[in-house]
Structures are given as C-alpha cells and as structure tokens.
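Enquirer: Residue numbers (full-length UniProt numbering): 439 to 724.
For every residue, glycine included, the Cβ atom is placed at its ideal position computed from N, Cα and C.
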Ligand code: C2E
Ligand code: MG
Ligand code: MG
Ligand code: MG
C-alpha cells in the first residue's frame, strides 16, 4: 500500500517535472524571438523626491507581452533569460529603449528627470558592457549623470576582474551605481566602502510593515542614517500607504517608490497619470 502510493507520488512528480521543464524550454524558445517580434515593452515606475516633492526619477521595468500567455512579469522570465544569457541582448535593448525615452521626456515635460535601469550580474560578464552603456548614452544624447544603474548585493561579492573593472569604469563615466533590494543580500558593509556606490534602495520587505513593526522601522532608520553618513542617496521601495510616505520623509529618506505613487506603467499611462494636477505631484506637495 505504502509502496504503491510512493510510486504514484513519484509518477506524479515525474509528470509535473516533465510539464515544468517543457514549459520552461518553450518559454525560453519564445523569449529568443521576443525582441525581434516586438513583444517586449519597458514600463516605468515613478520615484518621488521627498525633499522637494514631485517626480525625481523613473525605474525601467521590463514587461513581456506573450502571444498566448498574455502579460508575463520579470519574475517569470528574467531567471530564464539569465540562464540562457539572453539577458545580454535583452538588457541592451532595455537600456537603449529607456535612454531614448528619457531623452524625449527631458526634452519635453520633465527636464530634470533621471532614469534607473536594472543590470543583471550576467551582463557584467560580457567585456562589452561599458561600450554598450556608452553607446546607449551617446545615441540618446544623455548625460551619464542622469543614469542610475541598479545592481544587487550579490554582484559586489563577485570578485572577478571584469566586474570590478566595469564598476570602476561606470563610476568614472559619472554614472550612479545603486544597490537594489538593500539589506536582503549577503554582502557586508565593507563593500559599500570598496565599491563606487552612490545610492541604496531599501528593500520593500522592510518598508511594508514599518509602521507596525519596531524592528523594520529600526532597519529603515539605520539604512537612512548609514546612507547619510556615507553621503549616499537613499530610496525606499514598495511604499503603499501615505503614512509610510510621511514616516520616510520625516526620517530623512531622499526618495520613495511604490504603488502609492504609481505602479510601473507604459509611456502613455505614465504621461496621462502625471500630467496636470493629478497623481504624484499633488501627493508630493501635500
Ligand atoms: P526591482 O528592481 O526590485 O523592482 C521593483 C519591483 O517591485 C517591481 O516588480 C515593481 O513592480 C515592484 N513594486 C514596486 N512598488 C511596489 C509596491 O508598492 N508594492 C509591491 N508589492 N511591489 C512593488 P517587477 O516589475 O515585477 O520586477 C521584478 C524584478 O525583476 C525587479 O525587481 C528586477 O530585479 C527585475 N527586473 C525588471 N526589469 C528588469 C530588467 O530590465 N533587467 C533586469 N536585469 N532585471 C529586471
Ligand atoms: Mg530595481
Ligand atoms: Mg528592488
Ligand atoms: Mg525588490
């Protein structure tokens, strides 16, 4: 009896695995064509300047309009793109697209706007990363100072020469390096000194309960103080409530990003949302 069930469980597991692997292979095959078939879109999520109010920056967040599956979120395809190294051409496409968009916004309604783009550790393993970044800036006519490149703590533990050199080169170009999901990785504070970091993004897991949880509030306060002492800019992610926004402003946080201020949106949706008196700007002056 027990044996039989064990066997059934195994069969079940094997079928599940087969379905899972087939799906992943299929998805990877589809992803290979996504760029040329024009299925990828860059969404933009606003970041509010907590000192002056108003829009400080937008973060570029990738979306995939899959012909059968509909909208696929990065969590479901970025890992695949990294394993297959498709993230290299896709990441370049995101960077070029977002830089061109930022240049258009800066020439129009938002002359001061900055841009944050996520970089995968896999992109640091290509010797051409610096050339790609330089070329995206040149083609869009953007100043390197307006670009913020987000990496995770894991990258700073990667001691390969290629990574270290790329980080130094980006800094030398005047680009701001930002540590995404700060506080959730395995890096140590030593890395903040050793690397040319310019910004910390407090992970949204610390922001979520900061009004109820003393521990989370203490962590947010500590990261904000740390950033202050090291002369780094600090951005809070995942802000969903006005009370969190007020708390962060009081605590001296520089910027906020989260659903309260706006979800990641298409170009059209962002322009509609932020034009006139509605949306972010009215919140910022409240
Ligand atoms: P991330 O860089 O930490 O981006 C923030 C994520 O948090 C986004 O998820 C955003 O939609 C979500 N978020 C923002 N505000 C809130 C909030 O108030 N509440 C909640 N619950 N969530 C919020 P998204 O767009 O699904 O992206 C997930 C991750 O995928 C990103 O995390 C980033 O690591 C990665 N990613 C996205 N686009 C790219 C890309 O172009 N290149 C690379 N390498 N990674 C990307
Ligand atoms: Mg990010
Ligand atoms: Mg993040
Ligand atoms: Mg995150």
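Out of 500, 569, 476, 630, which has the shortest C-alpha to C-alpha gap to residue 590?
Expert: The count along the chain shown starts at 1 and reaches residue 590 at position 152. Closest option to residue 590, Cα to Cα, is 630.
Enquirer: How close, in whole Å, do the beta carbons of residue 466 and residue 503 come, if the pair is a contact with beta carbons under 8 Å?
Expert: Here residue 466 corresponds to residue number 28 of the chain shown, with the count starting at 1. Here residue 503 corresponds to residue number 65 of the chain shown, with the count starting at 1. With a Cβ gap of about 17 Å, residue 466 and residue 503 do not count as contacting.
Enquirer: Along the chain, where does the alpha helix (DSSP H) containing residue 592 start, and where does it finish?
Expert: For the purposes of this step, residue 592 is taken as residue 154 along the chain shown, with counting starting at 1. That run of the alpha helix (DSSP H) goes 591 to 595.
Enquirer: Can you list, in chain order, the stretches of the alpha helix (DSSP H) that have 4 or more residues and sit fully within the segment 554 to 605?
Expert: Here the runs fully enclosed are 567 to 578, 591 to 595.
Enquirer: Sorted by chain position, which residues of the same chain lie with C-beta nearer than 8 Å to residue 713's C-beta, five sequence neighbours on each side aside?
Expert: As a position in the chain shown, residue 713 is number 275, starting the count at 1. Cβ within range, chain order: 547.
Enquirer: When every heavy atom of ligand 3 is checked, does at least one fall within less than 7 Å of the C-beta of residue 641?
Expert: The residue labelled residue 641 in the question sits at position 203 within the chain shown. Flag set: Cβ of residue 641 near ligand 3.
Enquirer: Between residue 675 and ligand 3, is the CB less than 7 Å from at least one heavy atom?
Expert: Residue mapping note: residue 675 aligns to position 237 of the chain shown, counting from 1. True, at least one ligand heavy atom lies under 7 Å from that Cβ.
Enquirer: Is the beta carbon of residue 670 sitting closer than 8 Å to the one on residue 695?
Expert: Counting from 1 along the chain shown, the entry for residue 670 is found at position 232. Counting from 1 along the chain shown, the entry for residue 695 is found at position 257. Contact: no.
Enquirer: Using three-state DSSP, classify residue 525 as helix, strand or coil.
Expert: Within the chain shown, numbered from 1, the residue matching residue 525 stands at position 87. Looking at residue 525 - three-state DSSP - the assignment turns out to be helix.
Enquirer: Under 8 Å, with one C-beta from each stretch per pair, do the segment 703 to 712 and the segment 506 to 521 reach the 3-pair mark?
Expert: No: fewer than three Cβ pairs fall under 8 Å.
Enquirer: Mind checking whether residue 585 and residue 613 have CB atoms under 8 Å apart?
Expert: Reading the chain shown from its first residue, position 147 is the one you call residue 585. Reading the chain shown from its first residue, position 175 is the one you call residue 613. Yes; because the gap between Cβ atoms is below 8 Å, this pair is in contact.
Enquirer: Count the other CB atoms, across all protein chains shown, that sit within 10 Å of the CB of residue 673; report buried if there are 16 or more and exposed otherwise.
Expert: Counted from its first residue, the chain shown places residue 673 at position 235. When all chains shown are included, residue 673 counts as buried.
Enquirer: For residue 500, which of 681, 626, 652, 472 has the nearest alpha-carbon?
Expert: Mapped onto the chain shown, residue 500 falls at position 62. Considering only alpha carbons, the answer is 472.
Enquirer: Can residue 619 be considered in contact with ligand 3, in the sense that its beta carbon sits closer than 7 Å to one or more heavy atoms?
Expert: Mapped onto the chain shown, residue 619 falls at position 181. At least one heavy atom of ligand 3 is nearer than 7 Å to the Cβ of residue 619, so yes.
Enquirer: Which term fits residue 565, buried or exposed, when burial requires 16 or more other beta carbons within 10 angstroms of its beta carbon?
Expert: Stepping through the chain shown from its first residue, residue 565 is reached at position 127. So residue 565 ends up on the exposed side.
Enquirer: May I ask whether a heavy atom of ligand 6 can be found less than 7 Å away from the beta carbon of residue 588?
Expert: Looking for ligand 6 in the displayed structure turns up nothing; the ligands present are ligand 1, ligand 2, ligand 3 and ligand 4.
Enquirer: I want to check one thing, is the minimum distance from the CB of residue 384 to the heavy atoms of ligand 1 below 7 Å?
Expert: It is not possible to answer for residue 384, since the shown part of the chain is limited to 439 through 724.
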